[in-house]
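The structure under discussion appears below in the form of structure tokens.
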Amino acid sequence: MRSVSTGNDGAFAESPVGNKSDASARLVGLEADTAEGVETVTFTFADTKVLPKFRVGYIDALRAHPEDEPLPLSGNALLEVEFSLTNPNTKNRLAVRPDLTPEQPQVKEVLLARNLGGSLTFGVGLDRRAPFRAKQLFNPTRLVVEVRTR
282 MRSVSTGNDG
292 AFAESPVGNK
302 SDASARLVGL
312 EADTAEGVET
322 VTFTFADTKV
332 LPKFRVGYID
342 ALRAHPEDEP
352 LPLSGNALLE
362 VEFSLTNPNT
372 KNRLAVRPDL
382 TPEQPQVKEV
392 LLARNLGGSL
402 TFGVGLDRRA
412 PFRAKQLFNP
422 TRLVVEVRTR
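Note that our numbering has the sequence shown beginning at 282, numbered continuously upward.
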């Protein structure tokens, strides 16, 4: 079992962060953006006022299942974003794009690697390893992963 911080003090770090929520939610949005000194990946949820259980942390290789070969993902460093009790489907179709390739210097690609039994795993390919933080926002409910660019 990987160690995960249960809170977010707002500080940038390279350690895994997450929560212990038992809320369920439907993922309805995925986007990447850039701001002063950071690049973001935002996951937007419907049907909840509480984020589902999540974990964000660096990994060596992105795999759909532990025994599978690594999935190709652009970049030189990999962040994994995992959610539990989450469904990305609306009317039996994915509500988000499974692969996002933003035109950003740090965030190179976001890929849905696993969608199984209410668990979702995304890989975020970065140009280089950098401190990050995960912000929980509401109205609408979102998880914003910010990665430093400097």
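Positions of the beta carbon are idealized from the N, C-alpha and C atoms, including for glycine. Given the structure is predicted, the values throughout are model-derived calculations rather than measurements.
- Distance between beta carbons of V391 and V405, contact taken as under 8 Å: 5 Å
- Would you be able to state if there are at least three C-beta pairs under 8 Å between the stretch 369-378 and the stretch 350-359? no
- Would you call the CB atoms of L381 and L308 closer than 8 Å? no
- With a CB to CB cut of under 8 Å and the five nearest residues on each side skipped, what residues in its chain are close to R336? R283, V285, P297, V298, G299, E361, V362, E363
- Query: Which one of T315, D303, V319, A304 has the shortest CA to CA distance from P412?
  - Reply: V319
- Query: With a Cβ-Cβ cutoff of 8 Å, do K334 and F419 count as a contact?
  - Reply: no
- Message: Please report the straight-line C-alpha distance between T287 and A376, rounded to a whole angstrom.
- Response: Reliability of the predicted coordinates at T287 is poor, the pLDDT of 40 falling under 50, and no value is obtained from them.
- Query: Smallest Cα separation from D303: which of T321, S365, R378?
  - Reply: S365
- Message: Run through the DSSP bridge pairs and tell me what F335 is partnered with.
- Response: F364
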